[in-house]
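Everything in the sequence shown is counted per the working numbering, starting at 16 for the first residue and increasing by one. The beta-carbon is built from N, C-alpha and C at its ideal position, and this holds for glycine as well. A quick note: this is a predicted structure, and the numbers were derived from the prediction, not measured. What follows is a set of notes on a single structure, which appears directly below.
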Amino acid sequence: MNFHVLTLFPELINTVMNTSITGRALEKGVIGLECVDIRDYSHSKTRRVDDYPYGGGAGMVMQAQPVVEACNDLKKRVGNAPVIYLTPQGRVFDQKMARRLAQYDDLIFLCGHYEGIDERALELVVDEQISIGDYVLTGGELPAAIVMDCISRLVPGVLGNDTSADEESFHDGLLEYPQYTRPEEFMGLRVPDVLLSGHHGNVDKWRRQKSIERTLYVRPDLLENAVLNEKDREYLKEIGG
Ligand code: 4HQ
Numbered sequence: 016m017n018f019h020v021l022t023l024f025p026e027l028i029n030t031v032m033n034t035s036i037t038g039r040a041l042e043k044g045v046i047g048l049e050c051v052d053i054r055d056y057s058h059s060k061t062r063r064v065d066d067y068p069y070g071g072g073a074g075m076v077m078q079a080q081p082v083v084e085a086c087n088d089l090k091k092r093v094g095n096a097p098v099i100y101l102t103p104q105g106r107v108f109d110q111k112m113a114r115r116l117a118q119y120d121d122l123i124f125l126c127g128h129y130e131g132i133d134e135r136a137l138e139l140v141v142d143e144q145i146s147i148g149d150y151v152l153t154g155g156e157l158p159a160a161i162v163m164d165c166i167s168r169l170v171p172g173v174l175g176n177d178t179s180a181d182e183e184s185f186h187d188g189l190l191e192y193p194q195y196t197r198p199e200e201f202m203g204l205r206v207p208d209v210l211l212s213g214h215h216g217n218v219d220k221w222r223r224q225k226s227i228e229r230t231l232y233v234r235p236d237l238l239e240n241a242v243l244n245e246k247d248r249e250y251l252k253e254i255g256g
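Right, here's the structure in full:
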């Protein structure tokens, strides 16, 4: 997977992506990252890329010209990659979208700042719009980093363990079960006995039940699309779901 990011703040993207698991994946070369500074495509002596909004109002708007030229230049080099614009108006990002996007060899992310980008540039270059949630940020860089982080862990070789195995631990659309590590007792709180028993069958059963329990209590909406077997449904009924 090769990520390409069109942005006015390449150092923000690089700092986030060079950290921790994605940083290691970049070092290993199992993912790639290229930031294109949109400012490099300004035609003005002062490298200006924004201007006042037509019709008035607060803030500045990114001009179409540097965005379109930066993007077209990039597209010449990486054919057949979708251009994704991060915006609250996009479809809300989820694990299913991550799995779909992880199938591409290259992805291009377009990050807006200030009040956003001149609509004509979006019409000309954008293939898909994605939102990371219903709240307003200062720019699309952190949303792009979040989407890239999520896709990265689906790329074979990025996680220590087998990716497909870990992906199952989005657990058929259920929330994660609680995790514990040493010591066995901390401030009077013990690790559940079943996890110390060494009985893998019981451990699996307990974890599955905790996943179902948590999902019912904090995110019952997820149960609509969860993949549950007969035993799961029985347990769900038992706990009042
Ligand atoms: N933005 N999900 C970029 C967001 C956002 C979101 C606000 C994107 C500002 C210029 N992006 N504009 N939520 O809040 O993706």
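For residue i, three-class secondary structure by DSSP
i           : result
residue 51  : strand
residue 215 : helix
residue 34  : coil
residue 132 : strand
residue 100 : strand
residue 105 : strand
residue 188 : helix
residue 145 : strand
residue 16  : coil
residue 121 : strand
residue 253 : helix
residue 174 : coil
residue 21  : strand
residue 27  : helix
residue 248 : helix
Nearest to residue i (by Cα), restricted to the options the options
i           : options            : result
residue 132 : 49, 216, 64        : 64
residue 170 : 116, 81, 255       : 116
residue 134 : 77, 120, 91, 217   : 77
residue 165 : 87, 110, 24, 20    : 110
residue 193 : 252, 250, 222, 123 : 222
residue 172 : 26, 33, 45         : 45
residue 52  : 30, 22, 32, 66     : 22
residue 138 : 99, 130, 168       : 99
residue 163 : 31, 26, 24         : 31
residue 261 : 252, 39, 213, 57   : Since the displayed the chain opens at 16 and closes at 256, residue 261 lies outside it and no answer follows.
residue 79  : 146, 95, 54, 61    : 54
residue 47  : 24, 123, 101, 113  : 123
residue 104 : 191, 95, 127, 205  : 127
residue 129 : 145, 237, 232, 72  : 72
residue 158 : 119, 106, 256, 102 : 102
residue 295 : 68, 195, 119, 142  : Any answer about residue 295 is impossible in this case: the structure gives the chain only from 16 up to 256.
residue 190 : 238, 208, 140      : 238
residue 36  : 174, 95, 84        : 174
residue 4   : 90, 202, 230, 225  : As displayed, the chain neither begins before 16 nor continues past 256, which places residue 4 out of reach and without an answer.
residue 188 : 199, 231, 61, 149  : 231
Anticipated Cβ contact below 8 Å, residue i with residue j, distance rounded
i           : j           : result
residue 93  : residue 19  : 6 Å
residue 228 : residue 24  : Wrong, their Cβ atoms sit about 42 Å apart, outside the cutoff.
residue 146 : residue 107 : 5 Å
residue 16  : residue 120 : 7 Å
residue 28  : residue 160 : 6 Å
residue 151 : residue 86  : The Cβ separation is near 24 Å, so there is no contact.
Chain D within 7 Å of residue i, Cβ atoms only
i          : result
residue 73 : The structure shown has no chain D; it contains just one protein chain.
Unbroken stretches of the alpha helix (DSSP H), 4 residues or longer, contained in the stretch 66-96: Runs found: 79-92.
Please enumerate, following chain order, all residues with a beta carbon closer than 6 Å to at least one heavy atom belonging to the ligand 4HQ. Any residue whose Cβ sits closer than 6 Å to a heavy atom of the ligand 4HQ makes the list: 101, 102, 103, 127, 128, 131, 146, 147, 148, 150, 151, 152, 154, 155, 158.
What beta strand (DSSP E) runs, 3 residues minimum, are completely inside the stretch 201-245? Counting whole runs of 3 or more residues, the stretch 201-245 contains no beta strand (DSSP E) stretch at all.
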